[in-house]
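Just so we're aligned, residue 5 is where the sequence shown starts under the working numbering, counting upward by one.
The C-beta atom is built at its ideal place from N, Cα and C for all residues, glycine as well.
Notes to accompany the following structure.
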Amino acid sequence: MGASAAFNAATQALQRVALTPAMVLISGESGVGKEMFARQLHQLSRRHDSPFVALNCAAIPDNLIEAELFGVERGAYTGATHSRPGRFERAQGGTLFLDEITSLSLGGQSKLLRAL
5 MGASAAFNAA TQALQRVALT PAMVLISGES GVGKEMFARQ LHQLSRRHDS
55 PFVALNCAAI PDNLIEAELF GVERGAYTGA THSRPGRFER AQGGTLFLDE
105 ITSLSLGGQS KLLRAL
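Here you go:
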């Protein structure tokens, strides 16, 4: 882990917020360690015994983002032969880390915003 003043300040903020039930937005350029901070926050929080579920939104085609986030019920569409929980349900009680949200279409971002 780093040792810059900004890194140390972020780590201290992480330790403070881990004690609260707050939702946290971690922003920054691609590759700066957002997932590492999210995992550390999860481990320090009261949710550490619950799931940590990560999703890289850039890796999901726009037509599948809704099913990926919210799940699929059997028979909902052709080929849906069984129900599958979405990332929100899989992270229940734990942490859902959504990376590269800006890569989602405006429609996808809107659906995500309504869920949050």
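- For residue 111, no pairing in a beta bridge is given by DSSP.
- Only buried fits residue 99, as 16 or more other CB atoms lie within 10 angstroms of its CB.
- Contact between the stretch 89–99 and the stretch 41–61 is present: three or more C-beta pairs spanning the two stretches fall below 8 Å.
- The residue from 14, 29 and 50 with its alpha-carbon nearest to that of residue 22 is 50.
- CA-to-CA, the gap between residue 18 and residue 41 works out to about 8 Å.
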